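In this note's numbering, the protein residues as written are 27 to 205.
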């Protein structure tokens, strides 16, 4: 075990990985035949299963499904009073979006560097300001809107702009995916 750790540590000198995590890795993928070896194939298969369909290179014509993370914002239920406020606010914004034929996605996508469908709350409010929609909101409505589309990403609360844009475009009478 110590030999494997020293080899691993030497080959990954730019990464700070403690002995505890290395031990977990070694025990999870230790070979049943040779205790000083790692089942590399098992490790690679598990890592690749996250990103794609198994053995895709052997069968390239198979229809593989792209991984889509579950959106928490579609499941958020506010109390009825807040839901009514958000619905009225979305209707007001939809009328302005429809009358000005606004494109919502491009401005949000400029802030979404990792393309995960989320922006920070400040970025969300900045885009609404750039679109001229922030003037329609008062303090309570803004808080309710942020609460409605809030998702937890890592250790912070972000806004799911994709769900927001889809709902607003639907209320504005725009078809999905058509500019």
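Every residue, glycine too, gets a C-beta built ideally from N, C-alpha and C. Remember, it's a predicted structure, so these values are computed and weren't measured experimentally.
What are the boundary residues of the beta strand (DSSP E) that residue 112 is part of?
-> Residue 112 sits at position 86 when you count from the first residue of the chain shown. Residue 112 -> not in any beta strand (DSSP E); alpha helix (DSSP H) instead, spanning 106-126.
Assigned secondary structure, residue 185 (DSSP; H/G/I helix, E/B strand, else coil)
For the purposes of this step, residue 185 is identified with residue 159 of the chain shown, where counting begins at 1. Note: residue 185 maps to strand in three-state DSSP.
| query | Roughly how many angstroms lie between the CA atoms of residue 129 and residue 154, to the nearest whole one? | reply | Here residue 129 corresponds to residue number 103 of the chain shown, with the count starting at 1. Here residue 154 corresponds to residue number 128 of the chain shown, with the count starting at 1. The alpha-carbon atoms of residue 129 and residue 154 are separated by roughly 12 Å.
Distance, Cα to Cα, residue 139 vs residue 172? Residue 139 sits at position 113 when you count from the first residue of the chain shown. Residue 172 sits at position 146 when you count from the first residue of the chain shown. Taking the straight line joining both Cα atoms gives about 20 Å.
Residue 179 - DSSP class collapsed to helix/strand/coil
Start at 1 with the first residue of the chain shown, and residue 179 comes out as number 153. Residue state, collapsed to three classes: strand.
- [ ] Would you list, in sequence order, the uninterrupted beta strand (DSSP E) runs of no fewer than 3 residues that lie entirely inside the segment 121-165?
- [x] 144-146
**OP:** Specify whether the segment 157-165 and the segment 174-186 touch according to this definition: at least 3 beta carbon pairs, one from each stretch, less than 8 Å apart.
**Re:** no
| said: Using C-beta distances below 8 Å, list every residue in its chain close to residue 102, excluding the 5 sequence neighbours before and after it, in chain order. | reply: Counting from one through the chain shown, the residue named residue 102 turns up at place 76. The residues are 173, 174, 175, 176.
Exercise. Short check: CB of residue 170 to CB of residue 112, under 8 Å?
Worked result: Start at 1 with the first residue of the chain shown, and residue 170 comes out as number 144. Start at 1 with the first residue of the chain shown, and residue 112 comes out as number 86. In this structure, residue 170 lies near residue 112, with their beta-carbon atoms less than 8 Å apart.
Could you pull out every residue in the same chain whose Cβ sits closer than 7 Å to the Cβ of residue 116, ignoring the five residues on either side in sequence? Counted from its first residue, the chain shown places residue 116 at position 90. Contacts found: 193, 194, 197.
- prompt: Is residue 131 closer than 8 Å to residue 70 when the C-beta atoms are compared?
  reply: As a first step, residue 70 is located in the chain shown; it is residue number 44 there, counting from the start. As a first step, residue 131 is located in the chain shown; it is residue number 105 there, counting from the start. Their beta carbons are not under 8 Å apart, which means residue 70 does not touch residue 131 by this criterion.
message: Just to confirm my understanding: we take residue 149, look at its own chain, exclude 5 residues before and 5 after, and list those with CB closer than 7 Å. What are they?
response: The residue labelled residue 149 in the question sits at position 123 within the chain shown. If we look at residue 149 and ignore the five residues flanking it on each side, its Cβ neighbours are 137.
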